[in-house]
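Q: These protein sequence lines map, in sequence, to chains D and U.
Numbering of the first sequence is given in the working numbering, commencing with residue 1007 and proceeding in unit increments.
Numbering of the second sequence is given in the working numbering, commencing with residue 12 and proceeding in unit increments.
Glycine residues also receive a C-beta, built at the ideal position from the N, C-alpha and C atoms.
Predicted, not measured: the structure shown is a model, and the values here were computed from it.
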Amino acid sequence: MYQSESVIRNHYNNINDWLDQMTSKVILEKNAEAETHFRNIGITFSTNNETARERIIPFDLIPRIFTYTEWLRLERGVIQRAKALNAFLADIYNQGEIIKANIIPKEIIYKKKSFEPSMFGFSPPRDIYSPIIGIDLVRTGPNDYFVLEDNCRTPSGVSYMLENREIMMRMFPDLFHNNRVTPIDDYPTRLLQTLMSLAPIKCENPEPVCVLLTPGPLNSAYYEHSFLSDQMGIEMVESTDLFVEGKYLYMKTVDGPKRVDVVYRRIDDDFLDPLCFNPQSVIGIPGIMDVYRTGGVNICSAPGAGIADDKAIYIYVPEMIKFYLGEQPILDNVETWNCEKEQELKYVLDNINELVVKEVDGSGGYGMLIGPKSSKSTIDEFKTKLSTNPKGYIAQPLLDLSFSPTLIKNQVEARRVDLRPFCLIGEQAQLSSGGLTRVAMNEGSFVVNSSQGGGVKDTWVLAE
Amino acid sequence: MLSRTAEYLYWISRYMERAETTARLLDVGYRMSLFPNPSGYNNEWESVLSAAGAIEGYKNKYDTIEQKNVEDYLFFDESNPSSVYNCILNARNNALVVRTSFTPESWLAINKTYQEILNLKEKKFTKSDLPDLTEWTIEQVNLFRGSLSSLLRNDGYNFLFLGLFIERADNSARLLDVKYFVLLPKPQYVGGNIDNMQWSILLRSLSSFRAFRWAYDGNITATKIADFLVLNNNCPRSLSFCIQNIVKHLTNLTCSPEKVGRIYNNLKDLNTKIQEEKIETIVEYGLHQFVTQFIRKISSVDNEIHKEFFN
Chain D
1007 MYQSESVIRN HYNNINDWLD QMTSKVILEK NAEAETHFRN IGITFSTNNE TARERIIPFD
1067 LIPRIFTYTE WLRLERGVIQ RAKALNAFLA DIYNQGEIIK ANIIPKEIIY KKKSFEPSMF
1127 GFSPPRDIYS PIIGIDLVRT GPNDYFVLED NCRTPSGVSY MLENREIMMR MFPDLFHNNR
1187 VTPIDDYPTR LLQTLMSLAP IKCENPEPVC VLLTPGPLNS AYYEHSFLSD QMGIEMVEST
1247 DLFVEGKYLY MKTVDGPKRV DVVYRRIDDD FLDPLCFNPQ SVIGIPGIMD VYRTGGVNIC
1307 SAPGAGIADD KAIYIYVPEM IKFYLGEQPI LDNVETWNCE KEQELKYVLD NINELVVKEV
1367 DGSGGYGMLI GPKSSKSTID EFKTKLSTNP KGYIAQPLLD LSFSPTLIKN QVEARRVDLR
1427 PFCLIGEQAQ LSSGGLTRVA MNEGSFVVNS SQGGGVKDTW VLAE
Chain U
12 MLSRTAEYLY WISRYMERAE TTARLLDVGY RMSLFPNPSG YNNEWESVLS AAGAIEGYKN
72 KYDTIEQKNV EDYLFFDESN PSSVYNCILN ARNNALVVRT SFTPESWLAI NKTYQEILNL
132 KEKKFTKSDL PDLTEWTIEQ VNLFRGSLSS LLRNDGYNFL FLGLFIERAD NSARLLDVKY
192 FVLLPKPQYV GGNIDNMQWS ILLRSLSSFR AFRWAYDGNI TATKIADFLV LNNNCPRSLS
252 FCIQNIVKHL TNLTCSPEKV GRIYNNLKDL NTKIQEEKIE TIVEYGLHQF VTQFIRKISS
312 VDNEIHKEFF N
């Protein structure tokens, strides 16, 4: 919000005035109102550390604002990246041109667990493997945006993007009269259009039947699953609701079996089909992969799409953009050291005090080391881990994430934020004009994950 | 509609209905506890427990019947599957799964109820809170029912109301079964002290206390009350009203006519009988037998609905 110590960036002026005229009493009331609203609609989540009562993510009243021009660049950059990631998937599961061109070494791809051999030689509708991509961005200077990571499997958080806006509009209608905020509430409609545009070859239905496949109410993103299927008006199914017969997939309805054309799955590859993946899985649909490969159904995202957001593949995304699209990357990667390479490992070990070390397969802010903020013993622990299993880690510099004003105990304080916008690719590629801003609620913290005490904000993109 | 969705909708309204019944029973028990207890008279809390189908569970947990324990057992106890708390919890967990087949208002009504009962449960409550708790429950259930009026009139709607009326038919019949002896004809008019209490329990727990006075002229007789609760189609908790509505929502289903037909065939006779029978004939035949058969029939219809639609 601030340009320097005390100069407010232009587009935050309105918000600053609004904050000035709010008393602490009003702030307290509005905070309580937001919390009650989130509990009532049921937008709760569970963490690895289970307690009896469902938790809600702390919601900060002060929105984060992007100007139209700022957003235009992010939009182009995210879409460019999403296209390149899909092109990469289409390539490695077919000709493998990028490997032949010696841009990415083949071991990095083919030995990964997230690479799915059964996808080899198969092309999904429109060659789209990952129709919904969430790109995590951080800002370190006025116009310096970096991509922290890509999420190509089943990125979550879009329900927060939509609900945060709903609650803001409800609590502060005047803010929306006085600011020209681009609406985002058409996201579910666009998502459904995207899914319908990815109908399988054998689908004859002009309006393909889509379903959302959820692992069930115990999943931490269950609210989002029901929210999205409700908004799209499609069935939310569990795997026991589906079965394969002949070369098609059906759901069990009170009318009898009904054919399903597109499955927006929110479960992991391993749990899709016990015949093909994990035979121990009780939550799969036996035979669905066979139906998929013969064009009877489409599965979004495609099995094996996860290879594209692997932290070891991340390093090569700028190269992919040049290779597949012939363009210069609009958004930069964070400089990343691949500990698998001997020289880079040496650099990481020598400079570990200044670096952030992440597990290649980790997520949710678990299992990472923030060098400058860690004790000597934790650092030594990570040094041992790195030396014994270098393949399992990457390292990045500690980025000075941008701050956003945040209400802490009724005072406006600076807290670090990141941003996850959501990109859809089907018949066309589009970016929703907003995203999920996550904020590190603890003073000085760099970790914005909700599992680690992070909160969320409404994210505004101002109209032109 | 997914079979699982239909099943969950059906059970949501069963649970909400049951929560109301339990709350009403508690309210009745509470009123009775304020009246002088005639010596040699059965403990009213015991018949409240029987009517709620919770007597066995209660006796496994407590040695003596005491108001405080009965209240807690029927309202909050997690080990009692029909406690108001468990009904709301189950309704909410089902609603979480099928909220897409609801209006947002219906989900909100159930989820708010759930959030509030969590808070109520954390607080210690005293005897005098009971009327607030039962009133609150009835309000919440009404909020939920009200929200249903804006639903699409599709099969989901009919499954919700099938569940509601199956549950209500069962609850009303069980209550009649516990109290049937009050309704047997007696030489004199009903109106002695004990009887007075007894039939007021029955009517109040079926939320029909005042409605009865409006529906029938003249003296209160056991036969009139029996007629009201068994055969009167204007009484929204009578057995005949419930059957009528089960038939209505069953035959309104647009899915699988052959399944609907099979269930209807099983129900047809009972429906015809209850619409044409005179209360005197039923009493002569044996009210107790009639009610027992009725309960059995409802349970078999419930089984068939599960078998035909939810599997």
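Just reading off the beta strand (DSSP E) that D:G1222 is part of, what are its end residues?
A: For the purposes of this step, residue 1222 of chain D is taken as residue 216 along the first sequence, with counting starting at 1. Note, D:G1222: premise wrong, no beta strand (DSSP E); not H, not E.
Q: Can the beta-carbon of U:T262 be found less than 8 Å from the beta-carbon of U:Y275?
A: Here residue 262 of chain U refers to the residue found at position 251 of the second sequence. Here residue 275 of chain U refers to the residue found at position 264 of the second sequence. Yes, these two residues count as a Cβ contact at 8 Å.
Q: Do you know whose CA, among D:S1410, D:V1418, D:A1040 and D:I1358, lies nearest D:L1392's CA?
A: Start at 1 with the first residue of the first sequence, and residue 1392 of chain D comes out as number 386. When each option's Cα is compared against that of D:L1392, the closest is D:I1358.
Q: Would you call the CB atoms of D:P1131 and D:L1430 closer than 8 Å?
A: Within the first sequence, numbered from 1, the residue matching residue 1131 of chain D stands at position 125. Within the first sequence, numbered from 1, the residue matching residue 1430 of chain D stands at position 424. No, these two residues do not count as a Cβ contact at 8 Å.
Q: Does the pairing of the stretch 1166 to 1186 of chain D with the stretch 1197 to 1215 of chain D give three or more beta-carbon distances under 8 Å?
A: No: the two stretches stay apart, fewer than three of their Cβ pairs being nearer than 8 Å.
Q: For D:W1077, which residues from the same chain have a beta carbon less than 6 Å from its beta carbon, with the 5 sequence-adjacent residues on both sides left out?
A: The residue given as residue 1077 of chain D occupies position 71 in the first sequence. If we look at D:W1077 and ignore the five residues flanking it on each side, its Cβ neighbours are V1467.
Q: At a cut of 8 Å, does the stretch 21 to 32 of chain U reach the stretch 149 to 166 of chain U through at least three beta carbon pairs?
A: Touching, yes, given that three or more Cβ pairs across the two stretches are closer than 8 Å.
Q: What residues are listed by DSSP as bridge partners for D:Q1436?
A: Translated into the one-based positions of the first sequence, residue 1436 of chain D becomes position 430. Answer is D:L1430, bridged to D:Q1436.
Q: Look up D:N1304 in the DSSP assignment and give the residues it is bridged to.
A: To locate residue 1304 of chain D, count along the first sequence from 1; it is residue 298. For D:N1304, which the question treats as bridged, DSSP gives the partners D:V1268.
Q: Along the chain, where does the alpha helix (DSSP H) that runs through U:Q151 open and close?
A: To locate residue 151 of chain U, count along the second sequence from 1; it is residue 140. L141 to S158 is the span of the alpha helix (DSSP H), which, as asked, contains U:Q151.
Q: Taking all protein chains shown into account, do 16 or more other C-beta atoms lie within 10 angstroms of the C-beta of U:H317, making it buried, or fewer, making it exposed?
A: Looking up residue 317 of chain U in the second sequence gives position 306. With fewer than 16 Cβ atoms within 10 Å of its Cβ, U:H317 is classed as exposed.
Q: With 8 Å as the threshold, decide whether the Cβ of D:I1173 is near any Cβ in chain U.
A: Your numbering for residue 1173 of chain D matches position 167 in the first sequence. Answer no: the Cβ-Cβ gap between D:I1173 and chain U never drops below 8 Å.
Q: I want to verify the contact list: residues of chain D whose CB lies under 7 Å from the CB of U:K123, in sequence order.
A: Indexing the second sequence from 1 puts residue 123 of chain U at position 112. Correct list: N1046.
Q: Mind checking if D:V1215 is an interface residue toward chain U, Cβ cutoff 8 Å exclusive?
A: Position 209 of the first sequence, counted from the first residue, corresponds to residue 1215 of chain D. Not one chain U Cβ lies under 8 Å of D:V1215.
Q: When Cβ atoms are compared, which residues of the stretch 256 to 272 of chain U fall closer than 7 Å to chain D?
A: For the stretch 256 to 272 of chain U, which is checked against every Cβ of chain D, the residues closer than 7 Å are C266 and S267.
Q: Please list the partners that U:T148 has in chain D, where partner means a Cβ-to-Cβ separation under 8 Å.
A: Numbered from 1 along the second sequence, position 137 holds the residue referred to as residue 148 of chain U. Here the premise fails: no neighbours, minimum Cβ distance about 18 Å.
Q: Does the CB of D:V1323 have a neighbour CB from chain U at under 8 Å?
A: Position 317 of the first sequence, counting from 1, holds the residue named residue 1323 of chain D. Not an interface residue.
Q: Just checking: is the beta-carbon of U:L243 within a distance shorter than 8 Å of some beta-carbon in chain D?
A: The sequence position of residue 243 of chain U within the second sequence is 232, counting from 1. Checking the sequence, you will find Asn at residue 243 of chain U rather than Leu. Answer no: the Cβ-Cβ gap between U:N243 and chain D never drops below 8 Å.
Q: Using a Cβ cut-off of 7 Å, pull out every chain D residue sitting near U:M27, in sequence order please.
A: Taking the second sequence and counting its residues from 1, the one referred to as residue 27 of chain U is at position 16. Here the premise fails: no neighbours, minimum Cβ distance about 17 Å.
Q: When the Cα of D:N1016 is compared with those of D:P1064, D:I1071, D:I1062 and D:I1414, which residue comes out closest?
A: Taking the first residue of the first sequence as 1, we reach residue 1016 of chain D at position 10. When each option's Cα is compared against that of D:N1016, the closest is D:I1071.
Q: Is it true that the CB of D:C1158 sits closer than 8 Å to the CB of D:I1139?
A: Taking the first residue of the first sequence as position 1, residue 1139 of chain D is located at position 133. Taking the first residue of the first sequence as position 1, residue 1158 of chain D is located at position 152. Taking 8 Å as the Cβ cut-off, D:I1139 and D:C1158 qualify as a contacting pair.
Q: Can you tell me whether DSSP reads U:R273 as helix, strand or coil?
A: The residue you call residue 273 of chain U lines up with position 262 of the second sequence. In the structure shown, U:R273 sits in a helix (DSSP, three-state: H, G or I).
Q: Alpha carbon to alpha carbon, how far is D:S1410 from U:I257?
A: For the purposes of this step, residue 1410 of chain D is taken as the residue at position 404 of the first sequence. For the purposes of this step, residue 257 of chain U is taken as the residue at position 246 of the second sequence. Cα-Cα distance, rounded: 58 Å.
Q: Is it buried or exposed, D:I1305, if we count other Cβ atoms within 10 angstroms and call 16 or more buried?
A: Position 299 of the first sequence, counted from the start, is the residue given in the question as residue 1305 of chain D. Classification for D:I1305: buried.
Q: Would U:V312 count as contacting chain D if we go by Cβ distances under 8 Å?
A: Locating residue 312 of chain U in the second sequence gives position 301, counting from the first residue. It does not: the Cβ of U:V312 has no partner Cβ on chain D nearer than 8 Å.
Q: Pull up the DSSP beta-bridge partners for D:Q1417, would you.
A: Taking the first residue of the first sequence as position 1, residue 1417 of chain D is located at position 411. DSSP, once it has assigned bridges, lists D:I1414 as partnering D:Q1417.
Q: Does the beta carbon of U:F87 come closer than 8 Å to any beta carbon on chain D?
A: For the purposes of this step, residue 87 of chain U is taken as the residue at position 76 of the second sequence. No, no contact with chain D.
Q: If you check the beta carbons only, do U:S44 and U:A63 fall under 8 Å apart?
A: Position 33 of the second sequence, counted from the first residue, corresponds to residue 44 of chain U. Position 52 of the second sequence, counted from the first residue, corresponds to residue 63 of chain U. No, the Cβ-Cβ distance between U:S44 and U:A63 is not below 8 Å.
Q: With D:E1081 and D:D1275 assumed to form a contact (beta carbons below 8 Å), what rounded beta-carbon distance in angstroms separates them?
A: Reading the first sequence from its first residue, position 75 is the one you call residue 1081 of chain D. Reading the first sequence from its first residue, position 269 is the one you call residue 1275 of chain D. That belief does not hold up - the Cβ atoms of D:E1081 and D:D1275 are roughly 30 Å apart, past 8 Å.
Q: Who are the neighbours of U:L13 on chain D, taking C-beta pairs under 7 Å?
A: The count along the second sequence starts at 1 and reaches residue 13 of chain U at position 2. Here the neighbours are E1241, V1243, D1247, M1257, K1258 and T1259.
Q: Between D:P1285, D:S1129, D:G1461 and D:C1216, which lies nearest to D:I1414 when the distance is taken from Cα to Cα?
A: By 1-based counting over the first sequence, the position of residue 1414 of chain D is 408. For D:I1414, the nearest C-alpha among the options comes from D:G1461.
Q: Interface residues of chain D around U:A17 at Cβ under 9 Å?
A: Here residue 17 of chain U corresponds to residue number 6 of the second sequence, with the count starting at 1. Within chain D, the residues near U:A17 are T1259 and V1260.
Q: Ignore the nearest five residues each way along the sequence and tell me which others in D:P1403's own chain have a CB closer than 8 Å to its CB.
A: Taking the first sequence and counting its residues from 1, the one referred to as residue 1403 of chain D is at position 397. Taken in chain order, the residues that qualify are V1340, E1341, E1360, L1361 and V1362.
Q: Do U:K132 and U:F87 have their CB atoms nearer than 8 Å?
A: Translated into the one-based positions of the second sequence, residue 132 of chain U becomes position 121. Translated into the one-based positions of the second sequence, residue 87 of chain U becomes position 76. Yes, they are a contact pair.
Q: Quick one: using the 10 Å Cβ neighbour count with 16 as the cut-off for buried, is U:L163 buried or exposed?
A: Here residue 163 of chain U corresponds to residue number 152 of the second sequence, with the count starting at 1. The residue in question, U:L163, is exposed, as its Cβ has fewer than 16 Cβ neighbours within 10 Å.
Q: Against chain D, does U:D166 count as a neighbour if the rule is that its beta carbon must be under 8 Å from one of theirs?
A: One-based indexing of the second sequence puts residue 166 of chain U at position 155. True, the Cβ-Cβ gap to chain D drops below 8 Å.
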